[in-house]
Amino acid sequence: MKTRALRSYLCFTLLATAFLLGLAGCDKEESEPLRIGDDSFNNIENGVWTAYYPNTNQTSITIYGGVKPYTVSSNSDILKVNMDKLSDAFNYETLGVGDAEVTITDAKGESVGLKVKIDYRSDKMKIVKLDAYVKGDKMTVAAQKELKEKALASIPVKAGGGYQFIYTKDQGGIVYVYPDKYGEKYKEGTFTRSSLAVGNSSYRKYEIKLDGMERTYIVQRYYPSKTRSVAMVPYGFYEDLLDQFTDDYPEVESVYTMQVVSAVF
């Protein structure tokens, strides 16, 4: 009898301990403060979220703590938010540029706010090197050298200059061209971005209108003769100039320029 009573007591003690630990776990979970995911992937820093218009691929932000279910609201027409897909993340759609604020409220009425700055997304590229290639088996060395110099002179920027492509629409918008130094004096043009399929490969293409001229840049890897490692190969803007110089140099077979780029963050 004593053994049976001891076993019953031990079972009761274990069950009671497990129950109390479970309650403690629940209290701990519920006591976590309500907060919004703060990480570099979502561009949230110091309580300010930087979003982009048109939308980027990232269209949801995680919510932590508090008590579910959550509700979400926006104070501006330029930012649409909802909880339609996930119970612990809100979805968003940017409809314009400017400032807004998102408010998250949990089931207990606790709330947290997030300031939002919506800007146009952009590609920022600094030019670090210029190069040109001329091929013409029947051309003289002097003619090839002369044409290479003309091709290089046709590039609208110098090494140290660059481009900022500002997407005021889904695949295009305004381009700032910095002829001498990136971030300083610039010329303004327009651009569209698309893909160019060549065989099984696809390349990014920028079509630029600047100073009454149209230019087409294809983004490709730049392979200078001294490059030995694939890991070292940078990208650049390739521009085919054959049609531009065929009349003056009828024996030319190929002529193009390459602007080696470095991303600006």
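Under mature numbering (1 follows the signal peptide of the UniProt record, and there is no 0), the residues of the sequence shown are numbered -24 to -1, 1 to 241, in order.
Built from N, CA and C at the ideal position, the CB exists for glycine as well.
Going by C-alpha positions, Tyr179 is about 7 Å away from Gln196. Scanning the stretch 135 to 198 for uninterrupted beta strand (DSSP E) segments of 3 residues or longer gives 138 to 145, 148 to 154, 163 to 174, 177 to 186 and 189 to 197, listed from N- to C-terminal end. When secondary structure is reduced to three states using DSSP, Asp219 falls in the helix class. Comparing C-alpha distances from Thr70 to each of Val78, Lys61 and Ser63 shows the shortest one belongs to Val78. The three-state reading of DSSP puts Ala108 in strand, counting E and B together.
Annotation for Glu77: the continuous beta strand (DSSP E) segment containing it runs Gly74 to Thr81. Lys93: member of the beta strand (DSSP E) spanning Ser87 to Tyr96, first to last residue. Under the DSSP definition of a beta bridge, Gly212 partners with Gln196 and Val236. Residue state for Lys126 is assigned as helix, using DSSP reduced to three classes. Residue pairing by DSSP places Glu21 opposite Val24 in a beta bridge. For Thr47, the CB contacts under 6 Å within the same chain, skipping 5 residues up- and downstream, are Thr81 in chain order. C-alpha of Met234 to C-alpha of Glu21: approximately 37 Å in a straight line. Counting of Cβ neighbours within 10 angstroms places Ala108 among the buried residues, the total reaching 16 or more. Secondary structure at Val228: coil, using DSSP grouped into helix, strand and coil. Here Glu215 is buried: its Cβ has 16 or more other Cβ atoms, across all protein chains shown, within 10 Å. Under the DSSP assignment, Lys56 falls in the beta strand (DSSP E) whose first and last residues are Leu55 to Asn58. In this structure Val104 is not in contact with Leu55, their Cβ atoms being roughly 37 Å apart against a cut-off of 8 Å. Between Tyr232 and the set Pro155, Lys124 and Gly85, the nearest pair of CA atoms involves Lys124. The three-state secondary structure of Lys121, taken from DSSP, is helix.
Taking the C-beta atoms as reference points, Tyr198 is found no nearer than 9 Å to Phe141. Thr70 carries a strand assignment under DSSP once its states are collapsed to helix, strand and coil. Within the same chain, and ignoring the five residues on either side of Glu160 in sequence, the residues whose Cβ sits closer than 7 Å to its Cβ are Tyr154.
Within its own chain, the residues whose Cβ lies closer than 7 Å to the Cβ of Gln147, once the five positions on either side in sequence are excluded, are Thr168, Arg169 and Ser170, listed in chain order.
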